[in-house]
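Numbering (our numbering), first residue to last: 452 to 595. Backbone N, C-alpha and C define an ideal beta-carbon position, used for all residues, glycine too. Here the structure is laid out as structure tokens; the discussion comes afterwards.
Okay, structure coming up:
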């Protein structure tokens, strides 16, 4: 009986920035630290921490994340519980939910999104890569 050829599973898709994107599918659960140098799409469950400073982290509609997230850009369509920090922007879409504090240069919260936590907007200084925090506000609950 001939053996079947090995199955190749490529969980990388091109992203608009020219790089690649790894995927954690909806049937996967990851517990621990995720570090790397490419963008990440999470449609499964993640607990721990995600640190991808120069890349995008997208939490899909099925995604459930209980972790701190550090990335260049963070897009939330699923559920996130934990503090997040983006060097560029945070985008919470209409079906997304975030419970935790946000630190970012820009933030967008669509109508219908759920957000509970504090927001710290970092002004980008004249020197590239240097951010100056704006006076923090008290935590707010926003349910649009």
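- Counting only runs that start and end inside the stretch 528–571, the beta strand (DSSP E) elements of at least 3 residues fall at 530–532, 535–543, 548–550, 553–555, 557–560, 565–568.
- One thing to note: residue 566 has its Cβ within 8 Å of the Cβ of residue 560.
- According to DSSP, residue 514 shares a beta bridge with no other residue.
- By the criterion of a C-beta distance shorter than 6 Å, residue 520 is surrounded in its chain by 501, 508, 535, once the five residues flanking it on both sides are discounted.
- In this structure, 548 is the residue among 494, 548, 487, 473 with its C-alpha nearest to the C-alpha of residue 532.
- With fewer than 16 other beta carbons inside 10 angstroms of its own, residue 483 counts as exposed.
- Its chain contains 494, 528, 529, 546 as the residues whose beta carbon lies nearer than 8 Å to that of residue 512, once the 5 sequence neighbours on both sides are disregarded; these appear in chain order.
- Beyond the five residues adjoining it in sequence on each side, residue 486 comes within less than 6 Å, by CB distance, of 502 in the same chain, given in chain order.
- In the DSSP assignment, residue 488 falls outside any beta strand (DSSP E) and carries neither an H nor an E.
- Looking at the DSSP output, residue 507 bridges to 524.
- Taking residue 515 as the centre and dropping the five residues before and after it, the same chain places the C-beta of 496, 529, 530 closer than 7 Å to its C-beta, in chain order.
- DSSP lists 498 as the beta-bridge partner residues of residue 482.
- Remark: C-beta atoms of residue 564 and residue 544 approach each other more closely than 8 Å.
- DSSP places residue 477 in the coil class of the three-state scheme, outside both helix and strand.
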